[in-house]
Amino acid sequence: MQKESKKILITGASRGIGKDIALKSKEKGYEVLGTSTTNEGVSNLRENGIHGLQLNLNDKKSVESFNYLLTQEHPDIAVLVNNAGITRDNIVLRMTEEEWMDVLNINLNGAFKISKTVLKFMLKKRWGRILNITSTSASTGNRGQANYAAAKAGIEAFSKSLAKEVGSRGITVNAIAPGYIQTDMTKVISEKVKEEILSQIPLSRFGKPEEISQLVDFLISDEASYITGQTIHINGGLYM
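As structure tokens, this is what we get:
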């Protein structure tokens, strides 16, 4: 399948890693659909030539409406990048059920629901690529992020199981586990904490969003057709 004929859907595409993946995919000639939870995010995507769509993965009606839209208007999606995610950090003893469930609903359950819909398109064509963005936290754990780490670990297990289910139909499923990347999420880290983190990273720097995008571009290409069920870490050596 040629790149020119591919349509890619990226959730959480209005900022950070998702935005860079969307922009780089557009540059590569893909038709790009990107989601955001806000009208502002959707408008920003459209200003950049991306088909912006509103989606709140924590809202059942929003997910149902979105999946119906995909079925009616975009049954030719060939590549899915499940990138949307949030944090609701707190230590377990203080973490509320809402903080726990919000993170699992968006980071894990959302990926399941969107994948299930898009897979129907891929199975008919006997070709597809699904990439799930996870995190180094899934392997190392992180204080104050039991909900986030649990959801991301679930994404990795989900990816492996799904890869076994759909591999015979020409569909690959992989996970990408970024470490600390220069995004809005890491900008809020204090300088003191940032110095502590950098001291643990052999390459002594945070990653760049484009370094994730380059890996995505490879994994959705025909050159990566024999790679499936893998979690690929990209973290500067923080976790080996």
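Per this note's numbering: the sequence shown = residues 46 to 285.
We put the CB at the ideal spot given by N, CA and C, even for glycine.
Subject >> Start and end residues, alpha helix (DSSP H) containing GLU268 >> reply: Residue mapping note: residue 268 aligns to position 223 of the sequence shown, counting from 1. Taken as a continuous stretch (DSSP letters only), GLU268 belongs to no alpha helix (DSSP H), as it is neither H nor E.
**OP:** Decide if PRO247 is buried, meaning its Cβ has at least 16 other Cβ atoms within 10 Å, or exposed.
**Re:** Counting from 1 along the sequence shown, the entry for residue 247 is found at position 202. That one is exposed.
Subject >> Runs of beta strand (DSSP E) lying entirely within the region 124-200, each at least 3 residues, in chain order >> reply: Every beta strand (DSSP E) of 3 residues or more that sits fully in the region 124-200 is shown, in chain order, as 173-178.
Original post:
What is the DSSP secondary structure of ASN219, reduced to helix, strand or coil?
Top reply: Sequence index remark: in the sequence shown, residue 219 carries index 174 (1-based). Reduced to three states, the DSSP call for ASN219 is strand.
Original post:
Tell me which same chain residues have a C-beta within less than 6 Å of the C-beta of ASN152, skipping the five on either side of it?
Top reply: The count along the sequence shown starts at 1 and reaches residue 152 at position 107. Correct list, in chain order: GLY130 and ALA196.
Original post:
Do SER235 and SER70 have their CB atoms nearer than 9 Å?
Top reply: By 1-based counting over the sequence shown, the position of residue 235 is 190. By 1-based counting over the sequence shown, the position of residue 70 is 25. No.
Subject >> Residues bridged to LEU78 [DSSP beta-bridge criterion] >> reply: Along the sequence shown, read from residue 1 onward, the residue named residue 78 stands at position 33. Looking at the DSSP assignment, LEU78 forms a beta bridge with LEU54 and HIS96.
Subject >> SER235 beta carbon near the ligand ATP (any heavy atom closer than 8 Å) >> reply: In terms of ligand content, the structure shown is empty, and the ligand ATP therefore cannot be addressed.
Subject >> Collapsed DSSP secondary structure at ILE246 in the structure displayed >> reply: As a first step, residue 246 must be located in the sequence shown, where it is residue number 201. In the three-state reduction of the DSSP assignment, ILE246 falls in the coil class, being assigned neither a helical nor a strand state.
**OP:** Leaving out five residues on either side along the sequence, give the residues of the same chain with a beta carbon under 8 Å from the beta carbon of THR228.
**Re:** Residue mapping note: residue 228 aligns to position 183 of the sequence shown, counting from 1. Once the five neighbours on either side are set aside, the close Cβ partners of THR228 are ARG60, GLY61, ILE62 and PRO254.
Original post:
Whole-angstrom Cβ separation of ILE175 and LEU125, contact assumed at under 8 Å?
Top reply: Within the sequence shown, the letter at position 130 stands for residue 175. Within the sequence shown, the letter at position 80 stands for residue 125. Contact between ILE175 and LEU125 holds: their C-beta atoms lie close to 5 Å from each other, under 8 Å.
Original post:
Across which residues does DSSP place HIS278 in a beta bridge pair?
Top reply: Taking the sequence shown and counting its residues from 1, one reaches residue 278 at position 233. DSSP lists ALA222 as partners of HIS278.
**OP:** Could you pull out every residue in the same chain whose Cβ sits closer than 7 Å to the Cβ of LYS64, ignoring the five residues on either side in sequence?
**Re:** Numbered from 1 along the sequence shown, position 19 holds the residue referred to as residue 64. For LYS64, the CB contacts under 7 Å within the same chain, skipping 5 residues up- and downstream, are ALA58 in chain order.
Original post:
According to DSSP, is ILE122 helix, strand or coil?
Top reply: Numbered from 1 along the sequence shown, position 77 holds the residue referred to as residue 122. DSSP places ILE122 in strand when its eight states are reduced to three.
Subject >> Beta carbon of ALA123 nearer than 9 Å to that of GLY173 >> reply: Translated into the one-based positions of the sequence shown, residue 123 becomes position 78. Translated into the one-based positions of the sequence shown, residue 173 becomes position 128. A distance below 9 Å separates the beta carbons of ALA123 and GLY173.
Original post:
Does the Cβ of GLY155 have 16 or more other Cβ atoms within 10 Å, making it buried, or fewer, making it exposed?
Top reply: Start at 1 with the first residue of the sequence shown, and residue 155 comes out as number 110. Classification for GLY155: buried.
Subject >> Inter-residue CB distance, VAL87 and GLY97 (contact presumed, cutoff 8 Å) >> reply: Walking along the sequence shown from the start, residue 87 turns up at place 42. Walking along the sequence shown from the start, residue 97 turns up at place 52. Indeed, because the Cβ distance is near 4 Å, the residues count as touching under 8 Å.
**OP:** Give the range of the alpha helix (DSSP H) segment to which GLY61 is assigned.
**Re:** As a first step, residue 61 is located in the sequence shown; it is residue number 16 there, counting from the start. DSSP places GLY61 inside the alpha helix (DSSP H), whose first and last residues are 61-72.
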